[in-house]
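There are 2 protein chains.
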Amino acid sequence: MPQQDLSGSLVLSILIIFGSAKLMAEIFERAGQPGIVGEIVAGVVIGPGVLNWIAPNDVVTILGALGIMFLMFRVGTEVNARELVGVGGTAVVVAFSGVAAPFLAGWGICLLWRKPLLESIFVGAAMTATSVGITAEVLARRGVLSKDSSRIILGAAIIDDVLALLVLGVVSSVAHGQVNLVELVLTPVCALIFIAIVMRWGSWTASKILRRLEQVLRIGEAPFVLTIILLFGLAALSVKAGVAAITGAFLAGAASSESIPARAREQTFAIAEMFLPFFLAGIGLYVKMPAFREPRTLGLAVVILAAAILSKVVACGLGALSHGWIVAERVGLGMIPRGEFCIVAAQVGLMLGVIPADTYAVVVAMAVGTTMLAPPLIDFAFREQGRSKTLEMPLF
Amino acid sequence: MPQQDLSGSLVLSILIIFGSAKLMAEIFERAGQPGIVGEIVAGVVIGPGVLNWIAPNDVVTILGALGIMFLMFRVGTEVNARELVGVGGTAVVVAFSGVAAPFLAGWGICLLWRKPLLESIFVGAAMTATSVGITAEVLARRGVLSKDSSRIILGAAIIDDVLALLVLGVVSSVAHGQVNLVELVLTPVCALIFIAIVMRWGSWTASKILRRLEQVLRIGEAPFVLTIILLFGLAALSVKAGVAAITGAFLAGAASSESIPARAREQTFAIAEMFLPFFLAGIGLYVKMPAFREPRTLGLAVVILAAAILSKVVACGLGALSHGWIVAERVGLGMIPRGEFCIVAAQVGLMLGVIPADTYAVVVAMAVGTTMLAPPLIDFAFREQGRSKTLEMPLF
Numbered sequence: 025m026p027q028q029d030l031s032g033s034l035v036l037s038i039l040i041i042f043g044s045a046k047l048m049a050e051i052f053e054r055a056g057q058p059g060i061v062g063e064i065v066a067g068v069v070i071g072p073g074v075l076n077w078i079a080p081n082d083v084v085t086i087l088g089a090l091g092i093m094f095l096m097f098r099v100g101t102e103v104n105a106r107e108l109v110g111v112g113g114t115a116v117v118v119a120f121s122g123v124a125a126p127f128l129a130g131w132g133i134c135l136l137w138r139k140p141l142l143e144s145i146f147v148g149a150a151m152t153a154t155s156v157g158i159t160a161e162v163l164a165r166r167g168v169l170s171k172d173s174s175r176i177i178l179g180a181a182i183i184d185d186v187l188a189l190l191v192l193g194v195v196s197s198v199a200h201g202q203v204n205l206v207e208l209v210l211t212p213v214c215a216l217i218f219i220a221i222v223m224r225w226g227s228w229t230a231s232k233i234l235r236r237l238e239q240v241l242r243i244g245e246a247p248f249v250l251t252i253i254l255l256f257g258l259a260a261l262s263v264k265a266g267v268a269a270i271t272g273a274f275l276a277g278a279a280s281s282e283s284i285p286a287r288a289r290e291q292t293f294a295i296a297e298m299f300l301p302f303f304l305a306g307i308g309l310y311v312k313m314p315a316f317r318e319p320r321t322l323g324l325a326v327v328i329l330a331a332a333i334l335s336k337v338v339a340c341g342l343g344a345l346s347h348g349w350i351v352a353e354r355v356g357l358g359m360i361p362r363g364e365f366c367i368v369a370a371q372v373g374l375m376l377g378v379i380p381a382d383t384y385a386v387v388v389a390m391a392v393g394t395t396m397l398a399p400p401l402i403d404f405a406f407r408e409q410g411r412s413k414t415l416e417m418p419l420f
Numbered sequence: 025m026p027q028q029d030l031s032g033s034l035v036l037s038i039l040i041i042f043g044s045a046k047l048m049a050e051i052f053e054r055a056g057q058p059g060i061v062g063e064i065v066a067g068v069v070i071g072p073g074v075l076n077w078i079a080p081n082d083v084v085t086i087l088g089a090l091g092i093m094f095l096m097f098r099v100g101t102e103v104n105a106r107e108l109v110g111v112g113g114t115a116v117v118v119a120f121s122g123v124a125a126p127f128l129a130g131w132g133i134c135l136l137w138r139k140p141l142l143e144s145i146f147v148g149a150a151m152t153a154t155s156v157g158i159t160a161e162v163l164a165r166r167g168v169l170s171k172d173s174s175r176i177i178l179g180a181a182i183i184d185d186v187l188a189l190l191v192l193g194v195v196s197s198v199a200h201g202q203v204n205l206v207e208l209v210l211t212p213v214c215a216l217i218f219i220a221i222v223m224r225w226g227s228w229t230a231s232k233i234l235r236r237l238e239q240v241l242r243i244g245e246a247p248f249v250l251t252i253i254l255l256f257g258l259a260a261l262s263v264k265a266g267v268a269a270i271t272g273a274f275l276a277g278a279a280s281s282e283s284i285p286a287r288a289r290e291q292t293f294a295i296a297e298m299f300l301p302f303f304l305a306g307i308g309l310y311v312k313m314p315a316f317r318e319p320r321t322l323g324l325a326v327v328i329l330a331a332a333i334l335s336k337v338v339a340c341g342l343g344a345l346s347h348g349w350i351v352a353e354r355v356g357l358g359m360i361p362r363g364e365f366c367i368v369a370a371q372v373g374l375m376l377g378v379i380p381a382d383t384y385a386v387v388v389a390m391a392v393g394t395t396m397l398a399p400p401l402i403d404f405a406f407r408e409q410g411r412s413k414t415l416e417m418p419l420f
């Protein structure tokens, strides 16, 4: 029975992934480490890297995508769009330098390792995009999302997302051998116009239209229903406009931050709590150990990982230096995590035949490595703030 | 970009399915009809039946399975296991007569229609299982889950589920040409022992172990995390024991009904609210119109639909007659909906080559038809109870 079978394997996958993620989170918390690193490690353990119980599959991808979208929505609800615009200048500088530095570093290192030119450029491109989800989760758990440094990180991550998609687009076009200049220019322009419009008018629209609409609807849980439609509506528009769906989810959160009823907010938070482990463990699933038996590959992985961390810390830190050393440190460390974008970029490279399997493993190791090292570093950067929050009131 | 693409189409599917389901629910509520029928109709409209925007796919199946599992968990939390055992005798009679009558009716009608013997038996088998989800949703919205008639329906639906899987197992084995008698006897015995153990000891275990465990855990939202693990743990065990995953979800709800903290309960309800539209619209997606251009097929569909309704109403009503006419009427009408089990059975038949495409369409029409006709009939059966609840406090 197909559906019965699907439901059986679905149930077992959910049990294994959710259960092991939470078990490792508990172990990590007891060892004084961030629980979310434990959830990624759980993915490495149950994945092809160690036990091989679960391979990356559609269930993990779908549920993980839901988890990260609802997390970004939650982060959006805790950020005021106007305050985000206030640090916009710094965010732009941080984003541009934070894309350029890792791109050049990765490119250069691969050339030193005698990799072909196109492969080297591709590795550089895969190193550009910060995965803001991990940082956002750490900041949300500590309750420091309203700090200046947090706003700069979130603003920079949105612009960074547009830039990284642009870089990957250019590099993929070059690899394909066909470059459409008009499209390459139009895509980021459309994306930025879309973001600007939502930032400027979203909040007003949400509070005027949605809050009135929910008064006249007869279906149950109208505020929740309208929130979900706003979330996925803006996410779908984001994809059309050339940005990631999670950026749309974040914008939906920011737009409704001032007017969303408490009950609907808690309901969306519950969905994030349910599915975030699939996003985190899902990252770990991509780790494969065998590639690193060769010393040359292992060496490259270590150097690329170090470069990925240092280039973001230095370039983004310098970009935010006008706000003082503490903000610069926090922004630099907060921009470290790469995560799912790099894995996607590496898959594209593998599919196009631009990068071989060992380089793919190096990029994935960089993505997972930065993602696991970032939470303790960000915790450290915010050490003076809300230490106890981590234990008392996590997520919500 | 594969993941990026998936996330784009995922977002659009969710928007279309959730949005159209809620739009139709609103229209139906305004017309004085149950909203859930509107959500099924939405599936017919956006599916291959009419607009062909969405075909049945993995996203709908996965999210729909989550929706029905969390709904059945919710229904479980509102039912007391001991009280369910109290109406156990009646539930067994209702289940047995409610499986036998439609089976024989479907078989007989198909023979009259000059269908081959095996095809006729298969149609009969596909008509056996009540899909308790639809009834449960209507009962939950009216706030009448604690009535005797509701308990008989839920108890009978659990046993009915075991019997129907058994009937389908036998029929499929016959179609395959290989019958394993030991397995056929052991499966329902295992299933019933599993259900009995969980009904008897689940509640005690949940309140003693889970509630203590959540005191010592350091991760955030420990009660919610443990609830999810209980839910999917029992669902996975159910599948192993030979019953549907949703039965395990229901048992998990019943086991935690007395001890689950209010916050964790609300969080699981939010997930049901999010994903139930995918289950409901997902049923509608299977409707295909072209098969019914032929009068003979249309005629069979109408007769089978009528037989499916009458056989359950009469057989289940008679089975519950010892509790009086009102209970008998409610139980009879409450057992009408078929839904996903029949569609799965029809797919198995199609795959095995036992039933042709037009008979498949007839079975699907019966499943969707009973599911859409049941909610207003159940509403009618409970007309004296909590009429206003439908509008004021739907689902939770």
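Going down the list, the sequences are from chains C and L. Take our numbering: the final residue in the first sequence is number 420, and no numbers are missing along the way. Take our numbering: the final residue in the second sequence is number 420, and no numbers are missing along the way. Backbone N, C-alpha and C define an ideal beta-carbon position, used for all residues, glycine too. All values reported here derive from a predicted model rather than from experimental measurement.
A residue is called buried when at least 16 other Cβ atoms come within 10 angstroms of its Cβ; residue 362 (chain C) meets this threshold and is buried.
The C-alpha of residue 351 (chain C) is placed about 13 Å away from the C-alpha of residue 407 (chain C). Judged by DSSP secondary structure, residue 202 (chain C) falls outside any alpha helix (DSSP H); it is assigned neither H nor E. Taking a contact to require three or more Cβ pairs closer than 8 Å, the segment 268-286 of chain C and the segment 41-49 of chain L do not qualify as touching.
Distance check between residue 186 (chain C) and each of C:152, C:400, C:170 places C:152 closest, using alpha-carbon atoms only.
Residues of the segment 202-228 of chain L with a C-beta atom less than 8 Å from some C-beta of chain C do not occur.
Look at residue 65 (chain C) here: in three-state DSSP terms it is helix.
Proximity of the segment 344-360 of chain L to the segment 110-121 of chain L meets the contact definition, three or more beta-carbon pairs being nearer than 8 Å. By the CB criterion at 8 Å, residue 192 (chain C) and residue 385 (chain C) fall outside the cutoff. Taking 8 Å as the cut-off, the beta carbon of residue 242 (chain C) is found no closer than this to the beta carbon of residue 165 (chain L). Closest in C-alpha terms to residue 403 (chain C), from the list C:303, C:372, C:367, C:354, comes C:354.
Residue 82 (chain L) belongs to the set of residues whose beta carbon lies under 8 Å from a beta carbon in chain C. Chain L has a Cβ within less than 8 Å of the Cβ of residue 42 (chain C). Identification of chain C residues near residue 352 (chain L) by a Cβ-Cβ cut-off of 8 Å yields none; the smallest Cβ-Cβ distance measures about 30 Å. Judged by DSSP in its simplified three-state form, residue 301 (chain L) adopts helix. Look at residue 167 (chain C) here: in three-state DSSP terms it is coil, with no helix or strand label. Taking 7 Å as the Cβ-Cβ cut-off, the segment 295-319 of chain C approaches chain L at 295, 297, 298, given in chain order. Scanning its chain for C-beta atoms nearer than 6 Å, with the 5 sequence neighbours on each side dropped, one finds around residue 90 (chain L) the residues 299, in chain order.
Using a 10 angstroms sphere on the CB of residue 82 (chain C), the tally of other CB atoms stays under 16, which defines it as exposed. The beta carbon of residue 249 (chain C) falls within 8 Å of a beta carbon belonging to chain L, placing the residue at that interface. Among the residues of chain L, those whose CB is under 9 Å from the CB of residue 253 (chain C) are 39, 42, 43, 46, following chain order. At the C-beta level, residue 125 (chain L) and residue 176 (chain L) stay beyond 8 Å of one another.
Residue 232 (chain C) is classed as exposed because its beta carbon has fewer than 16 other beta carbons within 10 Å across all chains shown.
In terms of Cα proximity to residue 130 (chain L), the closest of L:397, L:163, L:390 is L:390. Beta-carbon to beta-carbon, residue 306 (chain C) and residue 80 (chain C) are separated by about 7 Å, close enough to satisfy the 8 Å threshold. Among the residues of chain C, none has a CB under 9 Å from the CB of residue 238 (chain L); the nearest is roughly 11 Å distant.
Membership of residue 234 (chain L) in any alpha helix (DSSP H) is not indicated, and neither H nor E is assigned to it by DSSP. Within the same chain, 304, 305, 307, 308, 392, 395, 396 come within 8 Å of residue 64 (chain L) by CB-CB distance, once the 5 residues on both sides are set aside.
Scanning its chain for C-beta atoms nearer than 6 Å, with the 5 sequence neighbours on each side dropped, one finds around residue 278 (chain C) the residues 100, 103, 105, in chain order. Interface with chain L (8 Å Cβ-Cβ cutoff): residue 166 (chain C) is excluded.
Cβ neighbours of residue 229 (chain C) within its own chain (closer than 8 Å, five residues either side excluded): 279. Contacts with chain C at 8 Å (Cβ-Cβ) include residue 256 (chain L). Contact check between the segment 134-153 of chain L and the segment 286-301 of chain L: fewer than three CB pairs, one atom from each, fall below 8 Å, which does not count as touching.
For residue 70 (chain L), the nearest beta carbon of chain C is not closer than 8 Å to its own beta carbon.
Between residue 258 (chain C) and the set C:371, C:290, C:218, the nearest pair of CA atoms involves C:218.
Within the same chain, Cβ atoms closer than 8 Å to the Cβ of residue 127 (chain C) are found at 148, 149, 151, 152, 191, the five residues on either side in sequence being excluded.
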